[in-house]
Amino acid sequence: ATTAAAGEQGKTHTVKANKLVVISAGALGTPQILERSGVGSAAILDKLGIPVVSDLPGVGEEYQDHHLIGYPYKTTLAPDQTLDGLLSGRLDFAKALEEKDPILGWNGIDVAAKLRPTEDEVGELGPEFKQLWDRDFKKQTDRPLMLMAAVNYSFDPETTSEAGDGPCQCINMCCYTAYPYSRGNIHITSRDPAASPSFNTGFLSHPADVKKLLWAYKKQREIFRRTNCYDGEMAVGHPQFGEGSKAALSDKKPAGGLFASLEDRRRLPPIEYDAEDDAVIEHWIRGHMNTTWHSLGTCKMAPRENKGVVDKDLNVYGTEGLKLADLSICPENVGANTNNTALIVGEKAAWIIGRELGLSISP
Numbered sequence: 051a052t053t054a055a056a057g058e059q060g061k062t063h064t065v066k067a068n069k070l071v072v073i074s075a076g077a078l079g080t081p082q083i084l085e086r087s088g089v090g091s092a093a094i095l096d097k098l099g100i101p102v103v104s105d106l107p108g109v110g111e112e113y114q115d116h117h118l119i120g121y122p123y124k125t126t127l128a129p130d131q132t133l134d135g136l137l138s139g140r141l142d143f144a145k146a147l148e149e150k151d152p153i154l155g156w157n158g159i160d161v162a163a164k165l166r167p168t169e170d171e172v173g174e175l176g177p178e179f180k181q182l183w184d185r186d187f188k189k190q191t192d193r194p195l196m197l198m199a200a201v202n203y204s205f206d207p208e209t210t211s212e213a214g215d216g217p218c219q220c221i222n223m224c225c226y227t228a229y230p231y232s233r234g235n236i237h238i239t240s241r242d243p244a245a246s247p248s249f250n251t252g253f254l255s256h257p258a259d260v261k262k263l264l265w266a267y268k269k270q271r272e273i274f275r276r277t278n279c280y281d282g283e284m285a286v287g288h289p290q291f292g293e294g295s296k297a298a299l300s301d302k303k304p305a306g307g308l309f310a311s312l313e314d315r316r317r318l319p320p321i322e323y324d325a326e327d328d329a330v331i332e333h334w335i336r337g338h339m340n341t342t343w344h345s346l347g348t349c350k351m352a353p354r355e356n357k358g359v360v361d362k363d364l365n366v367y368g369t370e371g372l373k374l375a376d377l378s379i380c381p382e383n384v385g386a387n388t389n390n391t392a393l394i395v396g397e398k399a400a401w402i403i404g405r406e407l408g409l410s411i412s413p
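Residues in the sequence shown are numbered from 51 upward in steps of one, following the working numbering.
Pasting the structure below:
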């Protein structure tokens with residue numbers, strides 16, 4: 051790679067590189083830049099009349115994201131213990147800023163956890179899921195199936211006032227799959243950089259990911275209904291179970307009020323679900339799952355014969371002087387938010403590039 055071209059307001063600017071070009075446009079942008087530069091699947095490039103520089107079928111493939119759903123609950127918390135007032139407009143932002151309201155220094159998340167199912171819970175998800183669990187999770191005890199966080203606000207400000215009860219202080223129990231099996235892809239549709247790509251998220255394309263979120267719904271519900279701030283479920287944000295279902299939603303806390311001890315919590319009977327209830331939950335999951343903005347994997351680091359795009363030193367196969375440095379290179383997902391992973395990739399890239407340029411950079 052010897053040049054990089056960028057456009058702005060109809061003008062193209064070309065920058066010459068004496069030593070190398072590093073692309074760092076993210077899991078969605080990097081594969082598109084490569085394809086328009088002739089690096090990607092020959093089948094895709096030929097259709098668009100783009101000369102093939104390096105035939106790499108892995109470019110744009112293996113797209114991954116964490117699958118996120120949040121379930122809202124009413125709480126007994128005070129207005130200064132959630133962000134609902136601020137997000138709904140009940141609390142004036144300008145005034146809060148002027149008065150240096152402490153709530154502006156808080157992201158609304160006090161509790162988060164990495165969760166794994168029990169063996170009994172794994173069995174309830176079916177034999178196909180158990181095979182995957184035994185292969186990918188069982189012996190790796192630090193590998194979570196799900197990440198969960200109690201987020202002290204409602205994603206939809208309109209849900210903070212339900213059934214005419216007035217302002218409500220909410221908590222969203224947010225769940226996302228730590229290591230999803232589903233894969234998608236992103237590819238260019240034109241040589242024009244302004245043209246929209248073909249983007250298939252692949253969300254929930256693997257049935258095991260639906261099973262994970264089915265388990266997560268039941269688990270988060272059992273956890274939150276045992277907290278002392280629980281004040282009922284918000285129906286607008288939960289699956290709508292059929293009449294007579296034992297899994298029916300409750301708009302009030304369990305009989306007996308506050309829990310006095312751990313034993314009190316344990317004595318609360320678990321919610322019972324039947325096959326029809328599971329179908330209702332799965333339908334809800336497919337209709338309400340969202341992105342976690344954790345895109346990665348579209349130019350993975352792997353052997354070229356395994357649809358790899360870059361080698362261990364970030365070099366793009368079949369090219370010279372071209373490296374990638376972003377989350378597109380990740381071959382697998384991570385059991386966490388991806389910010390730290392992105393920082394680590396950047397730090398390692400700086401060390402690799404510095405070493406090759408003869409610079410002294412401490413790792």
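Glycine included, every Cβ here is placed at the ideal spot set by N, Cα and C.
query: Length of the line joining the Cα atoms of TYR323 and TYR267; result: 12 Å
query: For HIS333, the three-state DSSP class (helix, strand or coil); result: helix
query: C-alpha distance - ASN340 paired with LEU254, whole-angstrom precision; result: 11 Å
query: LEU264 - containing alpha helix (DSSP H), residue span; result: 257–274
query: Residue burial classification, THR80 (beta-carbon count within 10 angstroms, cutoff 16); result: buried
query: Which listed residue (GLY368, TRP265, ASP160) has its alpha carbon closest to that of LEU106; result: GLY368
query: Residues of its chain near TYR231, where Cβ-Cβ distance is below 8 Å and the 5 sequence neighbours each way are ignored; result: LEU182, HIS256, ALA258, ASP259
query: Inter-stretch contact at 8 Å, needing at least 3 Cβ pairs: the stretch 231–245 / the stretch 154–166; result: no
query: LYS296 classed as buried or exposed, judged by whether at least 16 other C-beta atoms fall within 10 angstroms; result: exposed
query: One or two residues paired with LEU118 in a DSSP bridge; result: TYR226, ASN340
query: Pairwise C-alpha distance: ILE411 and ASN68; result: 21 Å
query: Contact under 7 Å by Cβ, LEU137 with THR342; result: no
query: Neighbourhood of CYS380 by C-beta, 6 Å cutoff - its chain only, sequence neighbours within 5 removed; result: LEU346, GLY347
query: Under 7 Å between C-beta atoms of PRO122 and MET351; result: no
query: Residue from GLY139, ALA392, PRO194 whose Cα sits closest to the Cα of LYS262; result: PRO194
query: For GLU283, the residue or residues it bridges with in DSSP; result: TYR123
query: SER248: first and last residue of the uninterrupted beta strand (DSSP E) it sits in; result: 248–250
query: Secondary structure of THR64, DSSP reduced to three states; result: strand
query: GLY358 and GLY108 closer than 7 Å at C-beta; result: yes
query: ASP170 in three-state terms, based on DSSP; result: helix
query: Residue from ALA51, GLU178, THR125, LEU70 with nearest C-alpha to SER104; result: ALA51
query: Per-residue DSSP class, three states only, for ALA199; result: strand
query: Cβ pair count under 8 Å reaching 3, the stretch 185–203 against the stretch 90–97; result: no
query: Of the listed residues GLU85, GLY337, ALA128, nearest to GLU111 (C-alpha basis); result: GLU85
query: Counted within 10 angstroms of its Cβ, other Cβ atoms place GLN114 as buried (16 or more) or exposed; result: buried
query: As assigned by DSSP and simplified to three states, the class of PRO217; result: strand
query: Residue burial classification, SER87 (beta-carbon count within 10 angstroms, cutoff 16); result: buried
query: Which of helix, strand or coil DSSP assigns to ASN356; result: helix
query: Cβ neighbours of GLY214 in the same chain (closer than 7 Å, five flanking residues each side left out); result: Model confidence at GLY214 stands at a pLDDT of 47, short of 50, so the residue's coordinates are unreliable and nothing is read from them.
query: Sheet register partners of HIS237 (DSSP bridge); result: SER248
query: Alpha-carbon to alpha-carbon, ALA386 and GLY337; result: 24 Å
query: Beta bridge counterpart(s) of ALA56 as assigned by DSSP; result: HIS63
query: 8 Å contact criterion, which ARG271 and LEU318 should meet: CB distance rounded; result: About 12 Å separates the two Cβ atoms, so there is no contact after all.
query: Beta-carbon gap between CYS220 and SER204 smaller than 7 Å; result: yes
query: Paired residues, beta bridge with LEU346 - DSSP; result: GLN114
query: Residues near PHE143 in its chain [Cβ-Cβ closer than 7 Å; skip 5 each side]; result: LEU136
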